[in-house]
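Residue numbers (our numbering): 203 to 780. Every residue gets a Cβ at the ideal spot worked out from N, C-alpha and C, and that includes glycine.
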């Protein structure tokens, strides 16, 4: 390792406690070296001492002079970090590269990528570990088998790099890969390792309150229904609502009556029973998906939750979060806000939230060059009020909250390529009225219409679209004869440019903020929720940190309209104030 400039690394870990079982390294194609340090099966010959191996590898793994390659290398950062090794020189991730080259795929496992680019069938993990009841942990597998399996992975990463890096350059997405996604990868690993603290006592109390609430709701539902039944059974619920109580049938499925959220919401305005069922479903989901899950997933010693941030999931370039999904904590309902209250900062710290103001619409103004939209942002006007003024030909002081809500729905509907029918469902109006709103919108914002039509025309020609940083998304169905598939591709063509560009901008902001924070401050970035960053800040750093965060977010990318970041602070994630 003393004489190499680049290595591919693969790490095998125990399934139960994530202890390292072995490490494989490759520094040229068709080679690999495996070091077993945690195998544990009967008949195992002497293996290397874990501490001795890690101590020997540490200076090379922490060296910036040696480029590191991996597949989903963020997990390698995690695993080495648990053993006091801070992986440096992180340069190439074959999972991220293949995702950027084709973001519409479902699976970026190394086995699939090896078949696609190397025409190589790798040993699947099921061949090594077995399936179902016969499945074993990797430390119980003979070292000879694990060695072949692990060395193949590090070798394939090396070989993939020789193919994927030229492709990234050819497609002109190498800047996105090496200037954004790879620097971001290490930041995400740090965020995952830091975690966010929860108030366990509060969550336990909240769980008990939700138990009581669900019991009370069940009793009320049975009383309104006139009998007991399985509330979670669509078939039994359909019978109660549509046969016993004769409520109007909104839609049917192959198996009977639909009782999905859309149907129940339409019925809830005239039916107390359906309103209670909606409340029951929300409460049940919040309790199981968030309250109880967060208690189970939090570290018992530190009370911190360590989510995973996924770079290679959404086709637009947005990050996603899992185990648990901290980007999806509800905020619009009071019950959802009660859950946000459980996220707290350590003593002596505060939360600082930095949220981009209407970044999607600002990107739309930039790409469309629409005169009215740009003027609204450049004059610091409320763009939803401005749209309402344009649509309803009224002065700003005459715009009611309801008219502003309609304008807001239309503004965002345009970004998501919403049809007249979709808008009619959102606003509870006729499709004809919705179409008039859309026509009026495009009449007032003619630049948006021209850009939208031009973008679609180019997408039909190229069969892909790109963001401001040339993040590519392929649209194979854009010229489809199937009307629904074509319409979906057309909506995707608009949405990807806007949402994907916004995702790129906040990633740049995260990288620039990290550069300012990492050497001088103890402030930590905890969570990214699309347009919003949440930091845990020592109170003594607050006055110095907030201007840095705001400046870097508002100067991450140069648009023809200003980027604006709204700052809030608080002791928990619910009670944040400007």
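Length of the line joining the Cα atoms of residue i and residue j
i: residue 613; j: residue 587; result: 11 Å
i: residue 737; j: residue 719; result: 11 Å
i: residue 259; j: residue 395; result: 21 Å
i: residue 227; j: residue 383; result: 23 Å
i: residue 510; j: residue 541; result: 19 Å
i: residue 337; j: residue 419; result: 43 Å
i: residue 357; j: residue 233; result: 6 Å
i: residue 782; j: residue 276; result: As displayed, the chain neither begins before 203 nor continues past 780, which places residue 782 out of reach and without an answer.
i: residue 313; j: residue 323; result: 7 Å
i: residue 515; j: residue 292; result: 21 Å
i: residue 657; j: residue 678; result: 15 Å
i: residue 497; j: residue 531; result: 15 Å
i: residue 252; j: residue 340; result: 16 Å
i: residue 563; j: residue 451; result: 38 Å
i: residue 618; j: residue 208; result: 43 Å
i: residue 707; j: residue 728; result: 18 Å
i: residue 345; j: residue 220; result: 18 Å
i: residue 771; j: residue 744; result: 9 Å
i: residue 524; j: residue 512; result: 8 Å
i: residue 249; j: residue 239; result: 6 Å
i: residue 397; j: residue 492; result: 16 Å
Residues bridged to residue i [DSSP beta-bridge criterion]
i: residue 284; result: Its beta-bridge partners do not exist; DSSP assigns none.
i: residue 365; result: In the DSSP output, where bridge partners are listed per residue, residue 365 has none listed.
i: residue 295; result: 272
i: residue 730; result: 735
i: residue 774; result: 546
i: residue 210; result: 228, 271
i: residue 237; result: 225
i: residue 675; result: 667
i: residue 767; result: 558
i: residue 757; result: Note: residue 757 sits in no beta bridge, so no partner.
Nearest-angstrom beta carbon gap, residue j and residue i [assumed within contact, 8 Å]
i: residue 674; j: residue 373; result: 6 Å
i: residue 768; j: residue 778; result: In fact, because the Cβ distance is near 10 Å, the residues do not count as touching under 8 Å.
i: residue 315; j: residue 300; result: 5 Å
i: residue 224; j: residue 235; result: About 11 Å separates the two Cβ atoms, so there is no contact after all.
i: residue 575; j: residue 650; result: 7 Å
i: residue 553; j: residue 775; result: 6 Å
i: residue 458; j: residue 487; result: 22 Å between Cβ atoms; not a contact.
i: residue 439; j: residue 455; result: In fact, because the Cβ distance is near 12 Å, the residues do not count as touching under 8 Å.
Residues near residue i in its chain [Cβ-Cβ closer than 6 Å; skip 5 each side]
i: residue 636; result: 622, 625, 626
i: residue 305; result: 517, 675
i: residue 698; result: 518, 667, 675
i: residue 385; result: 713
i: residue 443; result: 449
i: residue 528; result: 509, 729
i: residue 349; result: 236
Beta-carbon proximity list for residue i, same chain, < 7 Å, skipping 5 on both sides
i: residue 568; result: 761, 762, 763
i: residue 422; result: 478
i: residue 473; result: 449
i: residue 280; result: 391, 394, 395
i: residue 352; result: 212, 214, 224, 226, 236
i: residue 256; result: 285, 287
i: residue 466; result: 476, 479, 480
i: residue 610; result: 586
i: residue 415; result: 485
Among the options, the one whose alpha carbon lies nearest that of residue i
i: residue 591; options: 618, 700, 643, 552; result: 643
i: residue 363; options: 712, 303, 411; result: 303
i: residue 390; options: 754, 715, 333; result: 715
i: residue 241; options: 222, 253, 256, 231; result: 222
i: residue 572; options: 413, 589, 488; result: 589
i: residue 670; options: 658, 682, 704; result: 704
i: residue 287; options: 265, 271, 465; result: 265
i: residue 561; options: 209, 251, 756, 326; result: 756
i: residue 328; options: 608, 426, 347; result: 347
i: residue 359; options: 330, 368, 273; result: 273
i: residue 726; options: 547, 618, 440; result: 547
i: residue 294; options: 278, 408, 440, 250; result: 278
i: residue 695; options: 659, 297, 433; result: 659
i: residue 447; options: 687, 428, 559; result: 428
i: residue 271; options: 320, 404, 640, 361; result: 361
i: residue 381; options: 365, 334, 298; result: 298
Closer than 8 Å: residue i CB and nearest the ligand PLP heavy atom
i: residue 435; result: Ligands are entirely absent from the displayed structure, and the ligand PLP is therefore not among its contents.
Cβ-based neighbour list, residue i, same chain, cut-off 8 Å, excluding 5 preceding and 5 following
i: residue 413; result: 489
i: residue 751; result: 554, 556, 715, 735, 737, 767, 769
i: residue 406; result: 497
i: residue 470; result: 476, 477, 480
i: residue 482; result: 416, 419, 420, 423, 433
Cβ of residue i within 9 Å of any chain D Cβ
i: residue 462; result: Of the protein chains in this structure there is only one, and it is not chain D.
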